[in-house]
Amino acid sequence: MAVRHLLAAASLLAVTACVTTNEVTGRSQFITIPASEDAALGLEAMQEVKKTAPVLETGVMAERVSRIGKRIAAISDAPELPWEFVVIDEPVLNAWALPGGKVAVYAKMVESFDDSELAAVLGHEIAHAVLRHGAEQMSRAQVQNMILAGAGAAVAAGTDNETAQLAVGLGALAAQGFVALPHSRDMELEADDVGTVYMARAGFDPHAAVKLWQKMKTLKDAGGQPTFLSTHPSDDNRIKRLQAKMPEYMKEFRGP
Ligand SMILES: [Zn+2]
Numbered sequence: 033m034a035v036r037h038l039l040a041a042a043s044l045l046a047v048t049a050c051v052t053t054n055e056v057t058g059r060s061q062f063i064t065i066p067a068s069e070d071a072a073l074g075l076e077a078m079q080e081v082k083k084t085a086p087v088l089e090t091g092v093m094a095e096r097v098s099r100i101g102k103r104i105a106a107i108s109d110a111p112e113l114p115w116e117f118v119v120i121d122e123p124v125l126n127a128w129a130l131p132g133g134k135v136a137v138y139a140k141m142v143e144s145f146d147d148s149e150l151a152a153v154l155g156h157e158i159a160h161a162v163l164r165h166g167a168e169q170m171s172r173a174q175v176q177n178m179i180l181a182g183a184g185a186a187v188a189a190g191t192d193n194e195t196a197q198l199a200v201g202l203g204a205l206a207a208q209g210f211v212a213l214p215h216s217r218d219m220e221l222e223a224d225d226v227g228t229v230y231m232a233r234a235g236f237d238p239h240a241a242v243k244l245w246q247k248m249k250t251l252k253d254a255g256g257q258p259t260f261l262s263t264h265p266s267d268d269n270r271i272k273r274l275q276a277k278m279p280e281y282m283k284e285f286r287g288p
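Numbers given in the working numbering equal positions in the sequence shown, counted from 1, plus 32.
Written out as structure tokens, the structure reads:
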């Protein structure tokens, strides 16, 4: 019982200490990782990725992704992050962003889309990093671990070993977790919105975001590639939403 109370108190403390209001979206976010640690976490995770995946940092594809990415990152709400854009040389329709502005796009994605469509992909990923969705997702997983530890403690009638499980947190969650954890539906839609505004501000016609998702649908149907940006908001939903908000996005577009 004592353990359960301790866990409840610790959870409550964590929750009250970590809810912050996102300056870009105004949304309240539960994040246990201080923003000052994002860059170090992202760097560490990217170094892990480079050990295990065929990462391209030079060459035509990598330079193209880096050029478009840096142009968008520069007008984002966090131009000061240590942005890095790489290509992973695998025939996959996928892309991801780590905390602190480390972004990867897979080769099939780079080959399938023109610059404006790639700008939609990169705008979306840059938005994830700026809005700290990776850290938010990690924090949610951390709480789930605490709840699981709490349930275990209740069952085991509480020895000090169970309280030790409170320490389960960042240490136990590998750096690659940032890549593996899917974003929630809300985060995806938020990244679509903010990302499309960013691409428009950087001089890419936001209509390309609609084209991207239409092409993605065709490519997925043809190649059985369901991975990119998780499946929860369906492509049709995304397309409809982007089309409905196009007048707002166009207000941000000043031409290339
Ligand atoms: Zn996403």
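Positions of the beta carbon are idealized from the N, C-alpha and C atoms, including for glycine.
Practice task
Report the three-state DSSP secondary structure of valine 97 (helix, strand or coil).
Solution key: helix
Exercise for the section: Please confirm whether any heavy atom of ligand 1 lies closer than 7 Å to the CB of glutamate 76. Expected result: no
Practice task
Can you have a look at glycine 74 and say buried or exposed, based on whether 16 or more other CB atoms are within 10 angstroms of its CB?
Solution key: buried
Handout entry: Cα-Cα separation, leucine 154 to glycine 227
Key = 8 Å
Exercise for the section: Tell me whether tryptophan 245 sits in a helix, a strand or coil according to DSSP, three-state version. Expected result: helix
Handout entry: serine 148 classed as buried or exposed, judged by whether at least 16 other C-beta atoms fall within 10 angstroms
Key = buried
Problem - Beta-carbon proximity check, methionine 248 vs leucine 125, cutoff 8 Å - result: The answer is yes: Cβ separation under 8 Å.
Practice task
Would you check if there are 3 or more beta carbon pairs closer than 8 Å linking the region 93-100 to the region 65-82?
Solution key: no
Practice task
Compute the minimum distance between the beta carbon of glutamate 220 and the heavy atoms of ligand 1, and state whether it is under 7 Å.
Solution key: yes
Handout entry: Beta-carbon separation (whole angstroms), aspartate 224 vs arginine 164, contact threshold 8 Å
Key = Actually they do not touch by this definition, with Cβ atoms about 16 Å apart.
Handout entry: Cβ-based burial, alanine 189 [other Cβ within 10 Å; buried from 16]
Key = Residue confidence is low: alanine 189 scores 45 on pLDDT, short of 50, so the model does not pin down where it sits. Its coordinate-derived value is still stated next. Classification for alanine 189: exposed.
Handout entry: Residue nearest to serine 266 in terms of C-alpha spacing, selected from Tyr281, Ser216 and Ile120
Key = Ranking Tyr281, Ser216 and Ile120 by CA distance to the CA of serine 266 puts Ser216 first.
Handout entry: Endpoints, beta strand (DSSP E) assigned at threonine 84
Key = Note, threonine 84: premise wrong, no beta strand (DSSP E); alpha helix (DSSP H) at 70-84.
Handout entry: One or two residues paired with isoleucine 271 in a DSSP bridge
Key = Within the DSSP bridge table, the entry for isoleucine 271 names no partner.
Problem - glycine 235 and glycine 166 closer than 8 Å at C-beta - result: no
Practice task
Count the other CB atoms, across all protein chains shown, that sit within 10 Å of the CB of aspartate 70; report buried if there are 16 or more and exposed otherwise.
Solution key: buried
Exercise for the section: Would you check whether ligand 1 has a heavy atom nearer than 7 Å to the C-beta of alanine 223? Expected result: yes
Practice task
Examine ligand 1 and report whether any of its heavy atoms sits within less than 7 Å of the Cβ of histidine 239.
Solution key: No, Cβ of histidine 239 sits at least 7 Å from all heavy atoms of ligand 1.
Exercise for the section: Per DSSP, which residues does leucine 88 bridge with? Please list them. Expected result: According to DSSP, leucine 88 bridges with Val119.
Problem - Distance between histidine 156 and histidine 239 (C-alpha atoms, nearest Å) - result: For histidine 239 and histidine 156, the distance between alpha carbons rounds to 14 Å.
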